[in-house]
Amino acid sequence: MIKGKVAIVTGASSGIGYATAMALSRAGTKVAAGARRTDRLESLQNEIAKSGGEAMIQKLDVTKKADCDSFVDAVVKKWGTVDILVNNAGLMPLSFFKSLKIDEWDRMIDVNIKGVLYCTAATIPHMINKKSGHIVNISSVAGRIVFPAGSVYCATKHAVTALSEGLRQEFSQRANIRVTCIEPGVVDTELNNTITDKALEKFVETVKQMEALHAEDIANAIVFAVESPSHMNVNEILVRPTSQER
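In my numbering, the protein residues as written are 721 to 966.
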């Protein structure tokens with residue numbers, strides 16, 4: 721049971737992060753939601769409060785280590801602990817490598833990899849100290865399968881998948897910290913809006929026509945993992961739309 725536990729969710733202003741914060745709150749956790757768009761966070765906090773839950777919000781740029789440290793410090797100061805960390809913040813500006821969108825590559829590396837590292841680094845000492853915790857990293861089907869125009873994005877998600885397994889091996893048995901890697905397929909979120917390569921316009925239209933997953937589907941998978949009994953470590957969950965081939 722996770723009722724009464726404290727959960728941190730990054731990238732909580734929309735999509736999977738927003739839905740996960742709501743789902744965890746409904747399951748009885750106290751939710752700390754971080755993102756850059758504070759107006760969206762305020763809406764989330766109000767929605768959680770209306771449903772009888774408890775939440776705190778704070779502006780968070782996961783590419784800044786100081787932001788990650790201060791966010792976790794604020795959570796521990798308010799509630800005394802951190803039980804669950806959901807590393808959700810991510811970007812997906814797909815592009816063909818020949819387009820040389822290097823600024824976008826840098827941004828993906830900063831958010832998708834460094835952001836996960838920074839938030840985990842800020843949280844893990846508290847979990848080690850009490851020998852308890854659960855880290856959930858949002859990877860992607862792209863963390864298993866590489867596709868054209870996804871070279872850099874897939875590389876970042878492969879990194880998240882590898883990191884998750886490394887964390888599991890280091891901490892699950894030794895410190896009772898469980899680790900779960902969630903790998904969504906196509907989800908109907910704002911993620912596709914970050915694609916700027918005009919060569920991918922047809923791809924974007926095809927994705928929009930697909931019956932994609934809902935953010936709530938992934939949130940439910942996360943709740944399943946963190947609510948699993950203590951002797952059970954759900955290491956990976958890959959969720960695709962029924963109509964998605966790869």
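Here a beta-carbon is modelled for each residue, glycine too, at the ideal position from N, C-alpha and C.
Bridge-paired residues (DSSP) for residue i
i, result
"Val836", "Answer by DSSP bridge pairing: none, since Val836 is not bridged."
"Lys770", "None; Lys770 has no bridge partner."
"Ile957", "Ile902"
"Leu933", "Val907"
Distance between beta carbons of residue j and residue i, contact taken as under 8 Å
i, j, result
"Thr876", "Ser734", "Not quite, the Cβ-Cβ distance comes to about 19 Å (not below 8 Å), so this is no contact."
"Tyr838", "Val782", "6 Å"
"Gln964", "Val906", "6 Å"
"Gly737", "Ala755", "7 Å"
"Ser815", "Asp917", "4 Å"
"Ala869", "Leu920", "6 Å"
First through last residue of the alpha helix (DSSP H) which encompasses residue i
i, result
"Ile804", "Counting along the chain, Ile804 falls outside any alpha helix (DSSP H), though it belongs to the beta strand (DSSP E) covering Ile804 to Asn807."
"Met776", "Element bounds for Met776: not the alpha helix (DSSP H) but the beta strand (DSSP E), Ala775 to Lys779."
"Leu883", "Ser871 to Leu887"
Distance CB(residue i)-CB(residue j) smaller than 8 Å
i, j, result
"Cys788", "Asn857", "no"
"Lys725", "Thr740", "no"
"Val943", "Ala747", "yes"
"Ala809", "Val831", "yes"
"Leu744", "Ala727", "yes"
"Leu811", "Thr914", "yes"
"Val899", "His846", "no"
"Thr801", "Lys850", "yes"
"Met930", "Pro961", "yes"
Inter-residue Cα distance where the pair is residue i and residue j
i, j, result
"Phe891", "Ile957", "19 Å"
"Lys834", "Arg864", "19 Å"
"Ile848", "Ala895", "6 Å"
"Ala799", "Gly773", "According to the sequence as given, residue 799 is Trp; it is not Ala. Each residue's Cα considered, the two are about 14 Å apart."
"Ser859", "Ala882", "10 Å"
"Ser790", "Gly853", "19 Å"
"His951", "Ala945", "12 Å"
"Arg888", "Ile897", "8 Å"
"Cys874", "Asp759", "31 Å"
"Thr840", "Val792", "10 Å"
Residue i, enclosing beta strand (DSSP E) - first and last residue
i, result
"Asn857", "Gly853 to Ile858"
"Thr976", "The structure shown does not extend to residue 976, since the chain is modelled only from 721 to 966, so the question has no answer here."
"Val899", "Ile897 to Pro904"
"Gly754", "Lys750 to Ala755"
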